[in-house]
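S.K.:
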């Protein structure tokens, strides 16, 4: 592109050297043969310059296309990073909410681990889920059966304590939990 601008921007260095060779400028008379040789050399140089200009223009276009491709790839990677970061942030937020609702994850070496593994086996194994479901289905009865009752539609709240000692223990546990949330 720069060479093309040189060629199109008025008199080129080759043209000015040609005008310097004119015999009238220097008062020297040159032979026709020398003049033709100089003109042919000048034409050859112009041809080389034009070819190089075309090659360099094509290279410049190719490099521009490659640069645009790299920029598009960089934008795509940046978007993927942002999506990944947002996904991690949401997972962290979900984990925080789960901890607030259900408490911290128990440690693996906990004393209660065997019991926890037994009661959560349906979460890890389809076979266990089906087995537990079969065992529960044994107790399903028709809705009009006198010993049957429907599945509750809301939370089941415990009965108030029947013994004053139990009520005082519950009251103490509630106040400890309330003060723990305040801190």
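Residue numbers (full-length UniProt numbering): 1 to 183.
Glycine included, C-beta positions come from ideal geometry on N, C-alpha and C.
Since we're looking at a predicted model, the values are computed, not measured.
Counting only the same chain and skipping the five closest in sequence on each side, list residues whose C-beta sits under 6 Å from that of residue 109.
M.R.: So the list is empty, once near-sequence residues are dropped.
S.K.: In the DSSP assignment, the alpha helix (DSSP H) including residue 114 goes from what residue to what residue?
M.R.: 113 to 119 is the extent of the alpha helix (DSSP H) around residue 114.
S.K.: What first and last residue would you give for the alpha helix (DSSP H) that runs through residue 36?
M.R.: Note, residue 36: alpha helix (DSSP H), 32 to 102.
S.K.: Specify, as a first and last residue, the run of the alpha helix (DSSP H) that residue 131 falls within.
M.R.: Where residue 131 is concerned, the enclosing alpha helix (DSSP H) stretches over 126 to 137.
S.K.: Straight-line CA distance for residue 148 to residue 161?
M.R.: If I take the Cα positions, the gap works out to 26 Å.
S.K.: Quick one, are the C-beta atoms of residue 143 and residue 150 less than 8 Å apart?
M.R.: Contact flag set, yes.
S.K.: Please state whether DSSP places residue 157 in a helix, a strand or coil.
M.R.: DSSP places residue 157 in coil when its eight states are reduced to three.
S.K.: Taking the straight line between their C-alpha atoms, what separation do you get for residue 101 and residue 133?
M.R.: Answer to the nearest angstrom: the Cα atoms are 26 Å apart.
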